[in-house]
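Below is one structure; the comments refer to it alone.
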Amino acid sequence: MSRVWFSQSLETVATFWRVARRDGVTLGFTTHDGDLWFDGVLHRAVPGMLPSAIRRSADLEPDSAEVEGALSHDSISTADLAAGRFDGARVAIGLVDWRSLERHVLYRGAIGQVVEEDGRFNADLVSRKAELQRDPVPRTSPTCRAAFCGPGCGLSAARFTHDARVVGCGLDTGIIALEGIAVTQDLVAGALRWLDGPLSGTGSEIAGVSGNGVVLSLPLDVVPPTGTRVRLREGCDRTLATCSSRFGNAVNFQGEPHLPGNDLIARYPVANP
Numbered sequence: 000m001s002r003v004w005f006s007q008s009l010e011t012v013a014t015f016w017r018v019a020r021r022d023g024v025t026l027g028f029t030t031h032d033g034d035l036w037f038d039g040v041l042h043r044a045v046p047g048m049l050p051s052a053i054r055r056s057a058d059l060e061p062d063s064a065e066v067e068g069a070l071s072h073d074s075i076s077t078a079d080l081a082a083g084r085f086d087g088a089r090v091a092i093g094l095v096d097w098r099s100l101e102r103h104v105l106y107r108g109a110i111g112q113v114v115e116e117d118g119r120f121n122a123d124l125v126s127r128k129a130e131l132q133r134d135p136v137p138r139t140s141p142t143c144r145a146a147f148c149g150p151g152c153g154l155s156a157a158r159f160t161h162d163a164r165v166v167g168c169g170l171d172t173g174i175i176a177l178e179g180i181a182v183t184q185d186l187v188a189g190a191l192r193w194l195d196g197p198l199s200g201t202g203s204e205i206a207g208v209s210g211n212g213v214v215l216s217l218p219l220d221v222v223p224p225t226g227t228r229v230r231l232r233e234g235c236d237r238t239l240a241t242c243s244s245r246f247g248n249a250v251n252f253q254g255e256p257h258l259p260g261n262d263l264i265a266r267y268p269v270a271n272p
């Protein structure tokens, strides 16, 4: 039998919320005056954010919620917010009995837009029910719809993943010089992930290559120290020719390269001279 919360005049109930970032870090907070340990996560009693409003609906419309707070806790900083470490993080908000640790989740979603001003932040939460509004029907495309080495592609990510170390960085040029890897055009349109240093856990798209380095699509805010470890994933231009000649994977190509496009409708006959 499930518990009926707030049925008594006095209850030992606190609010908890848990943030699971995409870089693997999970943070827990609670409104109780002492830390609580449950679900394998330490929920700290000195929170950096508070749930300000939660609205749940009985239909398929997405639930709405907001969190706000001061940038006071060590685990929530302006630098991490600016670096996008909390973008897309999964959030669970609920009630917990701080004596028995019985708990109930009220809201599940992900962090959407984050606004920081005067040492405080406000984050909009996107409900998981928002996924029901996504159109699952694929659209025709001359290029492959599958993510490289993802579902539908069939290729092994380990074959096209390489570890290297940073030997130089140009903030003005966006070029990251590397050692321990042969830099080739195969890395273009790929991804670079930082394994340690100040950017640990974040990633960048590779826009090009230059000498023994790669050119990132977006400039860096900080200079990674020499020796920082990175992991690179090769890229794919999603064309049938590349899928066939470079990867030998045309059988799994998720596109329609020979389907006539909309320009066919605009064509008109031209008399032979």
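Just so you know, the sequence shown maps onto residues 0 to 272 in numbering that gives the first Met the number 0.
Glycine included, C-beta positions come from ideal geometry on N, C-alpha and C.
Around the beta carbon of Leu-231, a 10 Å sphere encloses 16 or more other beta carbons of the protein chains shown; the residue is thus reported as buried.
For Glu-204, DSSP records a beta bridge to Ala-190.
For Asp-96, the enclosing beta strand (DSSP E) covers residues 89-96.
Boundaries for Thr-238: no alpha helix (DSSP H) harbours it, and the DSSP string shows neither H nor E there. For Ala-91, the CB contacts under 6 Å within the same chain, skipping 5 residues up- and downstream, are Arg-17, Val-104, Arg-107 in chain order.
A residue is called buried once 16 or more other Cβ atoms fall within 10 Å of its Cβ, and Pro-141, having fewer, is exposed. Relative to the Cα of Gly-212, the nearest Cα in the group Glu-10, Thr-29, Leu-186 belongs to Leu-186. Taking Gln-184 as the centre and dropping the five residues before and after it, the same chain places the C-beta of Val-208 closer than 8 Å to its C-beta, in chain order.
Comparing alpha-carbon positions, the option among Pro-256, Thr-225, Arg-98 lying closest to Gly-169 turns out to be Thr-225.
Under the three-state reduction of DSSP, Phe-252 is assigned to coil, being neither helix nor strand.
In the three-state scheme derived from DSSP, where H, G and I count as helix and E and B as strand, Thr-14 is classed as strand. Three or more beta-carbon pairs separated by less than 8 Å link the segment 17-26 to the segment 80-98, which places the two stretches in contact. Note on Ile-264: under 16 other CB atoms within 10 angstroms of its CB, so exposed under the neighbour-count rule. A Cβ-Cβ distance of about 5 Å is found for the pair Gly-151 and Gln-253, placing them in contact under the 8 Å criterion.
Taking the C-beta atoms as reference points, Leu-94 is found nearer than 8 Å to Trp-4. Assignment of Ala-145 by DSSP, reduced to helix, strand and coil, places it in the coil class. Spatial neighbours of Glu-101 in its own chain (CB-CB distance under 8 Å, excluding positions within 5 residues in sequence) are listed in chain order as Arg-2, Val-95.
Judged by beta-carbon spacing, Ala-206 lies within the 8 Å limit of Leu-215, meaning their Cβ atoms are closer than that value. A direct Cα-to-Cα measurement between Cys-235 and Cys-143 gives close to 10 Å.
For Ala-81, the enclosing alpha helix (DSSP H) begins and ends at 77-81. Rounded to whole angstroms, the separation of the alpha carbons of Gly-33 and Gly-149 is 43 Å.
Boundaries of the beta strand (DSSP E) harbouring Asp-162: 160-169, taken from the DSSP string.
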